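Residue numbering for the sequence shown follows the working numbering, starting at 1 and increasing by one per position.
Think of the CB as a built atom: it goes at the ideal place given N, C-alpha and C, for glycine as much as any other residue.
None of the values given here were measured: they were computed from a predicted structure.
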Amino acid sequence: MKKIGVLTSGGDAPGMNPAIRAVVRKAIFSGLEVVGIQRGYSGLIRGEFREMNLSSVADIIYRGGTMLRTARSENFRTPEGRTKAAGNLRSQGIEGLVVIGGDGSFRGAQALGREHGIRFIGVPGTIDNDIPCTDYTIGFDTAVNNVVDAVNKIRDTATSHERTYVIEVMGRNSGFIALEAGLAGGAESILIPEMGVNINDIIEKLERGMQRGKLHSIIIVAEGAGSGIEIGRLIQERTGSETKVTILGHIQRGGTPTSFDRVIASRMGALAVDLLVKGETAKMVGMISGSLKDFDIDYALSQEKTIDRSVYELASILAI
Ligand code: ADP
């Protein structure tokens with residue numbers, strides 16, 4: 001293998017930049033040429049390629065977002081789009097691809113590999129942490145820290161005003177961000193799609209707290225568990241306690257990646273290059289119990305990532 005490509009795809013995540021840096025520098029160290037593909041699969045179809053050298057990735061380790069930009073591409077979902085993409089890779093002499101993105105991006109790479117024999121390795125990059133075969137995805141730790149930072153600030157005003165605060169966080173269909181940030185932020189209730197939402201239970205808990213003299217409460221709602229606005233409205237209606245809703249939105253995705261995200265991004269990006277050099281393909285890299293591993297993409301995409309129920313139960317016990 002002489003030349004590889006790297007792209008970021010799907011939702012951006014803090015830590016994608018350190019992952020790109022690791023791919024580029026490890027590839028050059030291994031004697032490969034590297035091409036950066038801009039705007040994910042959309043740029044792959046349009047031929048947005050740029051040669052990368054050691055200094056192309058200078059000063060990006062601490063920046064959020066992705067220097068290669070990212071995109072969603074409807075065209076890539078079609079066989080015609082993927083044929084065009086494979087043709088562009090061949091005409092550039094790119095023999096292997098590192099795809100940094102979420103499970104949708106991995107499915108896209110899987111189709112490209114199956115239909116056109118393109119070699120690829122997936123690096124899990126999404127704030128949602130919803131990819132199987134890895135305990136952590138790149139960007140999750142930064143997002144959780146962003147949420148906890150916001151919860152701390154909201155707690156100051158919640159304590160001063162004696163109100164109930166509902167905070168809606170990201171996570172698509174999963175509750176990883178809500179659960180981890182809820183435990184770290186000391187939320188009274190954490191609503192996640194994996195556990196179902198019973199509004200009566202939440203209201204009973206709030207009322208028990210109020211009877212005990214608890215003056216304020218913080219409730220974290222994963223976006224996949226329901227609308228924060230709707231839940232806030234129901235709580236205010238049923239408890240009579242003034243309830244404020246904050247939807248954290250895209251601030252969760254921004255900011256400098258945490259050192260944890262930088263470290264896993266660096267390690268995963270470098271491993272992806274090693275695997276391509278060894279002739280491997282159709283795999284994803286992941287971190288299990290602190291060790292890096294690789295998994296067949298077909299296997300990984302057939303698995304479901306589940307939350308740790310004991311963490312959920314602990315958060316509930318501690319927030320009594
Ligand atoms: P993420 O990678 O963060 O999960 P998306 O689900 O939006 O983000 O996927 C990113 C891109 O991957 C999509 O815009 C599309 O181009 C491609 N993709 C997703 N799913 C498939 C699929 N089943 N087949 C082919 N391409 C896909």
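Coarse secondary structure for residue i, derived from DSSP in three states
| i | result |
| --- | --- |
| I192 | coil |
| E51 | strand |
| Y41 | helix |
| S174 | coil |
| I317 | helix |
| Y312 | helix |
| I288 | strand |
| G104 | helix |
| A85 | helix |
| T66 | coil |
| A272 | helix |
| S217 | strand |
| V57 | helix |
heavy atom of the ligand ADP below 6 Å from residue i C-beta
| i | result |
| --- | --- |
| A111 | yes |
| R77 | yes |
| S160 | no |
| T126 | yes |
| Y41 | yes |
| S105 | yes |
Integer-rounded CB distance, given that residue j should sit under 8 Å from residue i
| i | j | result |
| --- | --- | --- |
| I100 | T8 | 5 Å |
| M210 | S241 | 7 Å |
| V144 | A184 | 7 Å |
| V197 | A225 | 5 Å |
Within 7 Å, strictly: CB atoms of residue i and residue j
| i | j | result |
| --- | --- | --- |
| N129 | T137 | yes |
| V123 | M1 | no |
| L215 | E162 | yes |
| G104 | G125 | no |
The ligand FMN heavy atom lying under 6 Å from the CB of residue i
| i | result |
| --- | --- |
| S73 | Among the ligands in the structure shown, the ligand FMN does not appear; only the ligand ADP can be found there. |
**OP:** Decide if the stretch 159-172 is in contact with the stretch 285-299; the criterion is three or more beta carbon pairs, one per stretch, under 8 Å apart.
**Re:** no
Original post:
Is there contact here, the stretch 33-41 with the stretch 6-23, by at least three beta-carbon pairs under 8 Å?
Top reply: yes
Subject >> Any 3 or more C-beta pairs closer than 8 Å across the stretch 288-301 and the stretch 173-187 >> reply: no
Subject >> Touching by the beta-carbon criterion (3+ pairs, under 8 Å), the stretch 251-263 and the stretch 74-82 >> reply: no
**OP:** Please confirm if the stretch 15-34 is in contact with the stretch 50-63, defined as three or more CB-CB distances below 8 Å between the two stretches.
**Re:** Contact holds between the stretch 15-34 and the stretch 50-63, because three or more Cβ pairs, one in each stretch, are under 8 Å apart.
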